[in-house]
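Read through the structure below, which is laid out as structure tokens, and then see the notes.
Residue numbers (our numbering): 12 to 727.
Below, the structure is given as structure tokens:
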């Protein structure tokens, strides 16, 4: 759970789980020596048996080549290739030596080798869990480096950072090289000066390393008061992790063209227990690619505007009033609002929340649940008029649900949170009248009325981190600069959203609450039209939730889908079509005794986007032009902790990514217990035995809620 202000949590140590074991260099050498001795003994015995069976043929002619192919094929569907064969070629002299060697010596050699292996295991030099992993065929296809540092990654469409040798501008600038240790309320603050060459393309490279024990953290990059990049950190290991993310940033060219105060806010805490700092390096490459992609001429932030005081400009909703006023240039021809919003604390797992009337259903077993239902809507108002809504993607950070899911593959969009867009061009006849107009962002859930029906709530829990940007495209002969503004307000058709809810709380034979069933089905349409443009949304949502075993087990199945249509009316009219779908299934069961804690979790989630006719570089599709994107993550994870002892964590995650944009890209990667076991990408991954050590390193048993932000544990 990416934290900007989170409760303390405990993570346990993983001594090893199947192939997720930790081995020193000495242990590796011991295992190799033992394996070599055993292999030699078995090879000698095998060759001897063959030769005694064919002794007459051996004496009559030279021994033929005996190829023995040794391979291990995983019992899991990893699609990994078979290992190359190992050939044992014995000539006549070697055969004589084998045949003449007394069998007593061979037996003694084999016995000594077996005793040596047993001694190594007994003394702890040869971890038994590593042999267990080999025996089950879970052979890692990933590679490890000499330091054991784990390369963590998000599966996404690769972005080239190179500017090109023939580019008229190819300038790389170091924007930040900073260690985020005790950094709450202390963001990095620097100054950016544009390169002296003309550029049309900007791409950034963020590389982060961390070592020790630490939460995942939320991070936001600002140019002035405008948020331009929202990311989160992975949770480090004792041997260290590293990740790199490259991002297209040309959509913010209007800001890059001028000197800016650069603020990078990554709130972190360091203590005797949580020792991991984040060493972050941020660079930007500026190039001239001759692109014809239109970018905004002005960018106006919807934020707290605190850059003057060297602070983060994020709005904290619902405590902050997320409202601001601007006067638009009269020649504005197109206007797009992007909104960046994610829940934290009681709102991080909003999709698993219950109705507020049910929050105390299992207070004696798991504590108070979080309310306002599993439905959320982000609303944009212009002068009090509804201009568009966003039904958010359920982001899961690297500490969420169960940590074993997210190493080394992080969750969908965890390193780059998308910013959905609302086309407010139909409001331009109103917004270009020379006066200031207000822009407000609200976030709401659902509440049950006295008659049992649901309505939009006035607020939500604590809290959401929110900003927005208004992208303005200017033209000398903008249609609104000369139009009749006697009827400025657009025509808005906004039927009341439809909600169908169910809830059923059952008790056991002793009259104690045992099971809670609840569901939400929602539909909404919104249409806004003016003389020059139109914007239409059609959204659907469903969520079915089940808590049983007195709240110790929870499952949620959710599906959010939508269609968006934007058009510029006229001779040179354009249209943009967008459809999206967010499937989600999460099932978590907690086991709690006086001395032990276990978490068993399963998840299946996805993100599907189809866009046509997109003009400019979208902060939502992350590209320009048409896009077809399908990405899916599924897997299982396990956590076990003992009071006063260690903890273990395991996970099996598969990520399928298919994208057709400017170029097509496909990747399917699977990781088991911190190691990549199959990857169609082919780029080397840094992982394996050492890297998994210290995924969780707790000396005691913490509550589930303190570990993952949801589930049993009482109030935060």
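We treat Cβ as the ideally placed atom computed from N, Cα and C, and that holds for glycine. All figures in this text were calculated on a predicted structure; none of them were measured in a lab.
Output the boundary residues of the beta strand (DSSP E) element that contains residue i.
i, result
"residue 267", "Taken as a continuous stretch (DSSP letters only), residue 267 belongs to no beta strand (DSSP E), being part of the alpha helix (DSSP H) at 264-267."
"residue 440", "Run containing residue 440: none in the beta strand (DSSP E); it sits in the alpha helix (DSSP H), 439-442."
"residue 343", "343-354"
"residue 396", "396-401"
"residue 182", "181-191"
"residue 466", "465-467"
"residue 8", "The shown model of the chain, from 12 to 727, leaves out residue 8, and the question about it has no answer."
"residue 605", "Where residue 605 is concerned, there is no enclosing beta strand (DSSP E), given that its DSSP letter is neither H nor E."
"residue 311", "309-313"
"residue 583", "No beta strand (DSSP E) contains residue 583, which DSSP labels as neither H nor E."
"residue 273", "271-277"
"residue 510", "509-518"
"residue 392", "388-393"
"residue 643", "638-653"
"residue 290", "289-298"
"residue 678", "675-683"
"residue 201", "199-203"
"residue 688", "686-690"
"residue 367", "Unbroken run through residue 367: none, as it is neither H nor E."
"residue 661", "658-671"
"residue 434", "432-434"
To the nearest angstrom, how far is the alpha carbon of residue i from that of residue j?
i, j, result
"residue 181", "residue 215", "13 Å"
"residue 189", "residue 199", "7 Å"
"residue 675", "residue 691", "14 Å"
"residue 264", "residue 535", "35 Å"
"residue 291", "residue 579", "42 Å"
"residue 663", "residue 401", "32 Å"
"residue 252", "residue 652", "23 Å"
"residue 678", "residue 644", "12 Å"
"residue 460", "residue 510", "12 Å"
"residue 680", "residue 616", "15 Å"
"residue 318", "residue 512", "44 Å"
"residue 162", "residue 368", "44 Å"
"residue 226", "residue 398", "37 Å"
"residue 452", "residue 469", "13 Å"
"residue 30", "residue 275", "Bear in mind that the predicted position of residue 30 carries a pLDDT of just 36, short of 50, making it unreliable; the figure below should be weighed with that in mind. Near 37 Å, if we compare the C-alpha coordinates of residue 275 and residue 30."
"residue 655", "residue 223", "20 Å"
"residue 341", "residue 486", "9 Å"
"residue 299", "residue 592", "35 Å"
"residue 336", "residue 313", "9 Å"
"residue 462", "residue 533", "18 Å"
"residue 209", "residue 301", "11 Å"
"residue 586", "residue 557", "42 Å"
Take residue i and list the residues in its own chain whose beta-carbon comes closer than 8 Å to its own, dropping the five residues that flank it on each side.
i, result
"residue 193", "279, 280, 281"
"residue 17", "At residue 17 the pLDDT is 40, less than 50, meaning the model places this residue with poor confidence and gives no usable figure here."
Please list, in chain order, all residues of the same chain as residue i whose beta carbon is under 6 Å from its beta carbon, the five residues on each side excluded.
i, result
"residue 640", "620, 670"
"residue 672", "634, 638"
"residue 357", "381, 472, 473"
"residue 526", "517, 559"
"residue 500", "441"
"residue 596", "568, 615"
"residue 221", "247, 252, 287, 289"
"residue 416", "646, 648, 662, 664"
Who are residue i's beta bridge partners in DSSP?
i, result
"residue 241", "231"
"residue 211", "Paired residues: none, contrary to the question."
"residue 539", "503, 546"
"residue 563", "Per DSSP, none; premise fails for residue 563."
"residue 614", "597, 646"
Are residue i and residue j close, meaning C-beta to C-beta below 8 Å?
i, j, result
"residue 456", "residue 386", "yes"
"residue 393", "residue 295", "no"
"residue 329", "residue 454", "yes"
"residue 480", "residue 310", "yes"
"residue 642", "residue 166", "yes"
"residue 529", "residue 365", "yes"
"residue 325", "residue 478", "yes"
"residue 403", "residue 389", "yes"
"residue 362", "residue 554", "yes"
"residue 623", "residue 588", "yes"
"residue 541", "residue 440", "yes"
Skipping 5 residues on each side, what residues in its chain have a beta carbon closer than 7 Å to that of residue i?
i, result
"residue 504", "538"
Would you say residue i faces chain C, with C-beta separation under 8 Å as the test?
i, result
"residue 640", "Included in the structure is just one protein chain, with no chain C present."
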